[in-house]
Amino acid sequence: MERPFPTVAVVGLGTMGAGVAVAVARSGRRVIGIEADQASAARALARIEEATAHAVERERFTPEARSALLALISVGHDLQAAAGADLVIEEVPEQLELKRRIFADLDRICPPATVLATGTTALSVTRIAAATARPERVLGVHFFNPVHSMRLVEVVRTVLTSPQAAEDVAALARELDKEPVAAGDRAGFIVNGLLFAYLNQAAAMFESRYATREDIDAAMRLGCGLPMGPLALLDLIGIDTARTVLEAMYEQSKDRLHAPAPILGQLAAAGLLGRKSGRGFYTYEAPGSSKVVAGPAAGLAGRVAGREVRSVGVCGSGTMATGIAEVLAKAGYPVLLAARSQEKADRAKAQLAKSLERSVAKGRLTAEQRDAALALTTPTGQYADLAEADLVVEAVAEDLEVKRELFATLDKICKPGAVLATTTSSLPVISCATATSRPQDVIGMHFFNPAPAMKLVEVVSTVLTAEDVTSTVLELCGKARKHAVECGDRAGFIVNALLFPYLNDAVRMLQEHYATVDDIDTAMKLGCGYPMGPFELLDVVGLDVSLTIEQVLHQEFREPGLAAAPLLEHLVAAGCLGRKSGRGFRDHARR
Ligand SMILES: NC(=O)c1ccc[n+]([C@@H]2O[C@H](COP(=O)([O-])OP(=O)(O)OC[C@H]3O[C@@H](n4cnc5c(N)ncnc54)[C@H](O)[C@@H]3O)[C@@H](O)[C@H]2O)c1
């Protein structure tokens, strides 16, 4: 195929337009840059020169390549110049009337074959296309900021866009070394559609004082491996921009989960727009700075002292119990690993030994540390041995009756004042607590899998948990070098309550044939820097486990938008459970 679009006009050379102009010129194409007036054109040219000089300093390209590139870009302020382009990319401010006016003008100026693309984030491409007499040659091309390093491009087709125009623009994107994904015309497209609903829930979670901003952000970074916490990201994006995107999403979906959280409105009205104004959810050193000014002291400062913990018990013999025992033994605590039989306990200790061995092989642990941790771990088939433990963590089956029975047993066995913790991920901690005669000593310690590697622990206090019990667990996490975040006893705690609705939204997007599994995964990885796309993650977590968590969340909050997507239910019913069954959203057996 011929190289698509030898000459490209870029209208509006601000943050995005300047980046797009440089990216297109780098592919050897002629770029006609068009700004609003002479002064803006001069500023735009200076911006492009500065950005490319910076790229040379960073050794992203040579001085010669820069000169050649600059020679390909002309910058003016007469829209008529677009007549010479094969493709026009519009990157003016996010205002519908402005964009529609420009498209109407471009439609008059450009020959009929010219393709017109809008860079809009949240406006309707269809409404912009309707300002022209060539809607079949109008589409959205959504680059990400900063254009030079973000590889994703969403190519947005309306119901009228010709497949050829979309394919040509995707081919151009590939030539710019970008990864195009196909999306339909819906507010937010793929990435923002999934991202902003999640950011909005995080804002609402903060607003309801369920957890602190630091804890919400740390939970999502450490629990999901996200590059940034949601509140810090909202500050980076800009609170006003986030509201605009959410308003547009709500207008189309009428889903309450898209209605901007009231706190976003308050911050915006107060001029606290995030980093750019020096304050949003966090306070920054200066407007535009990324350096956060420390907030009120968090963690253990100002708390009551915890109880003394000299020895611990771990109940269970599965993955989590073994991992938690390893964490605590490595932190220097004598650990009783208690299972339903001596044999099960011995097997769990053998697993623990294997894991320690792997750490030694990888150079993460010395042979002495391995031996010390092993010497501290005693397997037992008798829960009665837990009588002297100062703290017991339970990691048995995720079944309320099983857990309640175990807590009743621990209540009889453990000494007064012992802290009793559950590592449940979706059952109410309070229901474990009320199975004992000492609910004030019961708390949640939600570890993540694999426990030795994952830094995060959600510390879940119920309405009855004693303050010094919370302190005890926070201190223990500190000694075990885990990052503790605090939250209340409600479904999903922090991480799952924010993660699973997002995964569910992705399933719904797929179910509605809005985008493909591969495109959605690619979009989230490249557009947000996520370590895995939603479908990769669902297949790893297990579709049955995911469905249960989504049902628990829906049951708790009764939010219609949280109802599990029927496609997920169907896959589970069909036995497609993800990697463990060989097939989930992808077929793993055939790979
Ligand atoms: N900034 C981001 O992170 C980001 C990311 C993806 C998409 N977008 C979208 O890209 C588009 C551009 O956003 P931006 O952040 O680059 O905005 P910006 O404000 O940085 O730049 C807009 C530019 O358009 C120029 N302009 C205004 N009226 C014009 C006219 N009539 N003719 C020609 N030029 C005109 C302005 O002088 C300015 O230089 C928006 O639709 C935005 O939603 C932004």
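With my numbering applied, the sequence shown covers 3 to 593.
Each residue gets a CB set at the ideal place from its N, CA and C atoms; glycine is no exception.
The structure presented is a predicted model; accordingly, all values stated were derived computationally and were not measured.
Three-state class that DSSP yields for residue i in the structure shown
i	result
Tyr504	helix
Thr472	helix
Gly142	strand
Arg349	helix
Ile496	coil
Arg585	strand
Tyr286	strand
Pro113	coil
Pro148	coil
Val33	strand
Val337	strand
Ile192	coil
Val398	coil
Thr243	helix
Beta-carbon gap between residue i and residue j smaller than 7 angstroms
i	j	result
Val183	Glu156	yes
Ile130	Thr120	yes
Ile326	Val311	no
Leu505	Pro536	yes
Leu429	Asp443	no
Val94	Ala11	no
Leu224	His485	yes
Glu181	Arg153	yes
Leu259	Arg245	no
Leu358	Arg372	yes
Leu500	Ala206	no
Asn194	Val247	yes
Ile192	Ile551	no
Lys351	Thr382	no
Gly282	Asp217	no
Pro503	Leu564	yes
Thr438	Asp401	no
Pro289	Gly297	no
N- and C-terminal bounds of the beta strand (DSSP E) containing residue i
i	result
Val12	9-13
Ser463	458-463
Ser76	75-78
Cys489	485-490
Thr379	379-382
His448	444-449
Arg159	154-159
Integer Cβ distance of residue i from residue j, believed to fall under 8 angstroms
i	j	result
Glu37	Val77	7 angstroms
Thr134	Ala168	Not quite, the Cβ-Cβ distance comes to about 16 angstroms (not below 8 angstroms), so this is no contact.
Tyr284	Arg215	7 angstroms
Leu141	Val158	6 angstroms
Val475	Val497	That pair is no contact at about 17 angstroms.
Ala213	Cys479	The pair is not a contact, with the Cβ atoms about 15 angstroms apart (cut-off 8 angstroms).
Of the residues the options, the one placed nearest residue i, counting alpha carbons only
i	options	result
Gly318	Asn451, Pro441, Glu396, Leu201	Glu396
Leu338	Ala307, Lys356, Ala386, Asp443	Ala386
Thr426	Leu15, Gly480, Asp491, Arg366	Asp491
Thr54	Ala41, Asp39, Ser42, Leu74	Leu74
Gly227	Cys530, Cys578, Gly584, Gly586	Cys530
Asp541	Phe587, Ala565, Arg211, Ala575	Phe587
Val398	Glu51, Met447, Ala341	Ala341
Glu328	Val462, Val404, Ser255, Met456	Met456
His556	Ala493, Leu512, Met511, Arg406	Ala493
Arg305	Ser473, Ser291, Cys416	Ser473
Ala323	Lys256, His590, Ala410, Pro454	Pro454
Gly19	Arg31, Ser151, Ala46	Ala46
Terminal residues of the alpha helix (DSSP H) in which residue i lies
i	result
Ile218	215-226
Ser433	431-435
Ala53	40-59
Ile326	321-332
Thr128	127-131
beta-carbon residue i near ligand 2 non-hydrogen atom, thresh 6 angstroms
i	result
Gly142	In terms of ligand content, the structure shown lacks ligand 2 and carries ligand 1 instead.
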